[in-house]
Structures are given as structure tokens and as C-alpha cells.
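Chain order of the listed sequences is H and W. Under this note's numbering, the first sequence is numbered contiguously, ending at residue 1712. Under this note's numbering, the second sequence is numbered contiguously, ending at residue 1712. Think of the CB as a built atom: it goes at the ideal place given N, C-alpha and C, for glycine as much as any other residue.
2 protein chains.
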Amino acid sequence: MTGERIHPSCDESFGQRIAQTLQLLQASLPVQRRMVHAGDKIYRVGQEFGSLHVVSTGMVKVVNLSADGREQVVALHFRGDWLGLEAIATGSYACDAVAMDTGEVWSVPYAQLLTAALSQPQLLRALHDAMSRQLARDHDSLQSLCALPTDARVASFLHYWADAMAKRGLRTDQISLHMTRAEIGNYLGMTLESVSRALSRLARCDIIRFLEKGRREIHIPRVEALDSFVRQAAALPAAISD
Amino acid sequence: MTGERIHPSCDESFGQRIAQTLQLLQASLPVQRRMVHAGDKIYRVGQEFGSLHVVSTGMVKVVNLSADGREQVVALHFRGDWLGLEAIATGSYACDAVAMDTGEVWSVPYAQLLTAALSQPQLLRALHDAMSRQLARDHDSLQSLCALPTDARVASFLHYWADAMAKRGLRTDQISLHMTRAEIGNYLGMTLESVSRALSRLARCDIIRFLEKGRREIHIPRVEALDSFVRQAAALPAAISD
DNA sequence: CGATCTATTGAGCCTATTCAACCGTCGTGG
DNA sequence: CCACGACGGTTGAATAGGCTCAATAGATCG
Chain H
1471 MTGERIHPSC
1481 DESFGQRIAQ
1491 TLQLLQASLP
1501 VQRRMVHAGD
1511 KIYRVGQEFG
1521 SLHVVSTGMV
1531 KVVNLSADGR
1541 EQVVALHFRG
1551 DWLGLEAIAT
1561 GSYACDAVAM
1571 DTGEVWSVPY
1581 AQLLTAALSQ
1591 PQLLRALHDA
1601 MSRQLARDHD
1611 SLQSLCALPT
1621 DARVASFLHY
1631 WADAMAKRGL
1641 RTDQISLHMT
1651 RAEIGNYLGM
1661 TLESVSRALS
1671 RLARCDIIRF
1681 LEKGRREIHI
1691 PRVEALDSFV
1701 RQAAALPAAI
1711 SD
Chain W
1471 MTGERIHPSC
1481 DESFGQRIAQ
1491 TLQLLQASLP
1501 VQRRMVHAGD
1511 KIYRVGQEFG
1521 SLHVVSTGMV
1531 KVVNLSADGR
1541 EQVVALHFRG
1551 DWLGLEAIAT
1561 GSYACDAVAM
1571 DTGEVWSVPY
1581 AQLLTAALSQ
1591 PQLLRALHDA
1601 MSRQLARDHD
1611 SLQSLCALPT
1621 DARVASFLHY
1631 WADAMAKRGL
1641 RTDQISLHMT
1651 RAEIGNYLGM
1661 TLESVSRALS
1671 RLARCDIIRF
1681 LEKGRREIHI
1691 PRVEALDSFV
1701 RQAAALPAAI
1711 SD
């Protein structure tokens, strides 16, 4: 293991684990690589389930479609994340998976993955870890939605994003959200105006800064500042600082 | 492979699948059965992960503990549901699992489960199905939280509960919530007063009825009524359709 | 019976939504 | 080239939905 560190708090080994998993997949299965661009769908709701997918590069949003046609972003995925897990039980995808960026997605037939997993326990471990992490992440999302006011929810979202980047060895002080305010709002259960206002307020407190005029590039001087902002908002449901 | 079918929407066979899974577990692993009563903890946050748990009878709530001590109910589990899945990746439980009722919980060491799964593919399938279902369920929770007003969220909650009972072959017209209004509110991201008001309104519309004076027994004449109530609230945040 | 817990309901307030106007950027086409 | 519209973002004013605070009542239990 090469000794390189970027972030103190998060484990550096996570990025390596991702790389290992991707290598393992490639070595032991006929993965089908696919280049995707923003807006491309990796799979669609209702489509028959056959394969799981792993994000190699790029970012993917998972959109739940309700019966009456409304859309709900329920998860975001980055390098190393698995897609389609929610379809295993039912046999058909319950969501759309949409690329938010140019990237590469690998697909592996679920049946073959299981077969390979019998002789490669690490594969099974990787799959279970991915599912487990997703469950834990969903719980955190739920808690944010239930317990935090809008501003803190946006802060928590940024923190999550920065954390996801840090875990993958990418720079965390400057993140570029490949989402519109409307998409962010949809994911966080609020309106696009509220997202905009929250971001403006965070910028006013100097917790974040906008780079360029196109305000999707966000500079985060200190990630801990986001954390403490969330923490404080959580403790006092209705406190207002000047 | 024995003849098995997966229904798209509302499978009658679900209850049978649960029974089969429990039998399978019992037959191929040293499950440790444990009787639990309301308030008992199956596992605690921070505790080292070693075993997964399956609800045999009774109901269990999973409570996420945030850094600052606030509690958040993130999931509810019934017969056949697996507990502790979110701990696989990290190696330690991230939540408390608390019995809401008298019941029985089976525990199986994860390592032994994996070993057994190598020779019993159905075991692995059952585990994956459970995780997959939980992920899909989490997505639905997220969507409810994000998109529905309080009344509809309560209605959706009751519908979910009734559905869970129905899938397990239990009576669905009369459900007994083993939760206080405060717990329900915590789970649904609203205050206990809002829960109370929502229930009162639903009762006023005759979508539900209270049995007895202790108002946790709820009679649901027509489950479809709950569904249509949710659907209508979802479609029009403020719009008007005859 | 008093003490405690849970639930219901009302009144006022506050947060986040709705509605609206405005600005900047980006393509497109006259 | 500029006019134009489409789109994404910001900000303000007014509204409303849900929260807070508070009072009341039933239930349970020692």
C-alpha cells in the first residue's frame, strides 16, 4: 500500500477498495463497459432486471417514478457505487438511473455475478458492502429529511457530496454539482427557491463560496464548518443567529 | 429449483416465501432464537457486528442515533424482515433495533450464513431479496417524506402498514399500531400533534375508524381509500381536479 | 385517588412555499 | 450582428401549512 493521504478524517483505504473491486470485477466477469453522457439512462423503470451496474466514472442519479408520474430523486451515485440493487427482489427496475455527467458504467449479469461469487468470496463481500452502505446512507438521508430545517439540509447535502469526493481521493474543497437547483430541491424535499436561498445564506456566512458566475462550482473552505452548521441547526430547531 | 413465482404488485406467495426462508434458516444454520418484549433491544448502536437477525414474530423499529443524541426511527420491521444489514459494511451497528411488541427474533452469525450460502443458493437469494426490498422500501419512504403533505404521509404510512400485514397473511382491515403518536411523528418527520390531527381528519372523512377508546386500534374499511387519498394529495399540491 | 403517560384540540406564530419579477447565459435565426 | 426566446438562478412579498405552546381529557397503575 502506498502511503498517501488527502483527508484526515475519512479512510484513505476506501478509494483503494473501490479500485480493487473494479479490478476484481473486470478480472472475473464479462463486464460490459458503456460510455454515458448527461441525461443517458442506464436503466428505466419497469425494465426487466438482469444486470447490476457499477459506476466507474461520472455521477448517476436514481429517480423514483410514482404512479401518477411525479419524479423523485432518491439517491446519487459516484465511482464504485452499485446500481440496480433495488431490482433484485422484484425482477424489474423500480427506478430510472440517469447519468448526470459524462462517465463510464459497467454492467454485469446478476446471475453470473452470483456464480462467480461462489468461487470469489471477495466479490460477494464487495456486493454486500455496497448494499449495506446504501442502506446506511438511506437512513442518514431519512434523518436529514425528518430532522433538519432547509438550510441545514442543504449544508448536510454539500457535506455528503464533499465526503463522497474525499473518500474517492478527489479534491473536496471545490465541488461541482451537476444538478440544477430544482434537482437538488427535489432530492432534499424542498423547492428550488429554498435551495437557492439556503446556498445564498451559506455563502453569506462564508461557509461556502461561489466560483465563477455559473453558480454550480462551489468552494468549501472548511468542510468542518458545514458539519458544525448542521449540528447547531439540529440542536436548536428554531434558533436564529442574527 | 422449485416452482416459484414473483408477482408484480401484490404477491400472495410472499407469506409463503417468508415461511420457507425461516424454515431454511432453521434447517441449515444454528439460529439462536430469542424472545423479546416491547422495549428490548436486539442490538445497539456501536456494538460490534457479528450476526444478522430475522424477525420471526412481533415488530421491530430501527432507530438511528445522531451524533448529538437525537433519535430517528428509520425503519419498521415485521415477520420475515432482516435486521442489521446496514452493519455489514462497517462492522458495527449504526442503529438501535428495538422491539415494539412481544415477539421472537432469530440471530445467525453472518460468517456462518455466508458459508452456508455457498451450498444453499436459496439462502443467498433470500438475503439479497431482503436487502433489495429494504432499499426499495427506503426509496418509497424518501418519496413520501419529500413529496407528501402531513395528512397524506400519515395515510401513506397506514397503507404501508396494512400492506405489510396483508403480505404476511394477517388481517388488514384492523391494525394495531404499537407506536405512540410521537414515534409515528418521528418516523414521518412531523410532530405528534400533526399525527393526531391527521388521524382525526382521516377518521372524519371515514377513511379510518378508531376502535375502543385507546386509539391505537385502527379500523380501515377500504384500503383503496387510503391509496386514493394519497394519490390525490400527491397529484395536486394546490391544484383542483373536480 | 393522585400521578403519569398518551392523545386531542385550539390559538398564534414562524418557516417554507407560492407567485412574481428580474438578471445573466446560451443558442438560434433573421 | 443583434434580437429573441429558453433556461437556470436569485430575490422579494404574500400566503399557508405545520410547529410551538397550552389547556383538557382519558387511560393506566401503584
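### Message
Against Q1604 (chain W), what residues of chain H qualify as contacts under a CB-to-CB distance less than 7 Å, listed in chain order?
### Response
L1605
### Message
Against chain W, which members of the region 1554–1581 of chain H pass a CB distance test of less than 8 Å?
### Response
L1555, E1556, A1557, I1558, A1559, T1560, G1561, S1562, A1564, C1565
### Task
Please classify R1623 (chain W): is it buried, with 16 or more other beta-carbons within 10 angstroms of its beta-carbon, or exposed?
buried
#### Entry: Every unbroken alpha helix (DSSP H) inside the region 1617–1667 of chain H [4 residues or more]
1620–1637, 1651–1658
### Query
Between which two residues does the beta strand (DSSP E) containing G1485 (chain H) stretch?
Segment 1483–1498 is the alpha helix (DSSP H) holding G1485 (chain H); no beta strand (DSSP E) there.
#### Entry: Counted within 10 angstroms of its Cβ, other Cβ atoms place T1491 (chain H) as buried (16 or more) or exposed
buried
### Message
Is there a C-beta anywhere in chain H that falls below 8 Å from the one on M1529 (chain W)?
### Response
no
### Message
I'd like to know if A1489 (chain W) contacts chain H, where contact means its C-beta is closer than 8 Å to some C-beta of that chain.
### Response
no
### Message
Against chain H, with Cβ distances strictly below 8 Å, would D1608 (chain W) count as a contact?
### Response
yes
### Query
Leaving out five residues before and five after K1511 (chain W) in sequence, what residues of the same chain have Cβ atoms less than 8 Å from its Cβ?
D1566, A1567, V1568, A1569
### Query
When the Cβ atoms of the region 1609–1620 of chain W are set against those of the region 1529–1545 of chain H, are three or more pairs found closer than 8 Å?
yes
#### Entry: Three CB pairs or more closer than 8 Å across the region 1510–1529 of chain W and the region 1601–1614 of chain W
no
### DSSP beta-bridge partners of A1587 (chain H)
Partner(s): none; A1587 (chain H) has no beta bridge.
### Query
Residues in its own chain within less than 6 Å of A1668 (chain H) by CB, not counting five upstream and five downstream?
T1620, D1621, V1624
### Query
At a Cβ threshold of 8 Å, is R1540 (chain W) touching chain H?
yes
### Message
Using only the alpha-carbon positions, how far apart do Y1563 (chain H) and R1487 (chain W) sit?
### Response
21 Å
### Task
Give the interface partners of G1659 (chain W) over in chain H, defined as CB-CB distance under 7 Å, in chain order.
L1615, C1616
#### Entry: Span separating the alpha-carbon of V1501 (chain W) from that of S1577 (chain W)
6 Å
### Message
Quick check on the DSSP output: the beta strand (DSSP E) that includes L1535 (chain H) runs from which residue to which?
### Response
1530–1535
### Euclidean distance between Cα positions of G1520 (chain H) and G1554 (chain H)
9 Å
### Query
So, is E1653 (chain W) buried or exposed, given that buried needs 16 or more other C-beta atoms within 10 angstroms?
buried
### Query
Taking C-beta to C-beta, are I1558 (chain H) and L1628 (chain H) nearer than 8 Å?
no
### Message
If the criterion is Cβ atoms closer than 8 Å, does the pair L1647 (chain W) and G1655 (chain W) meet it?
### Response
no
### Task
State yes or no: is the C-beta of A1600 (chain H) within less than 8 Å of the C-beta of D1633 (chain H)?
no
### Message
So if DSSP puts T1527 (chain H) in a beta bridge, which residue, or which two residues, is it bridged to?
### Response
H:E1574
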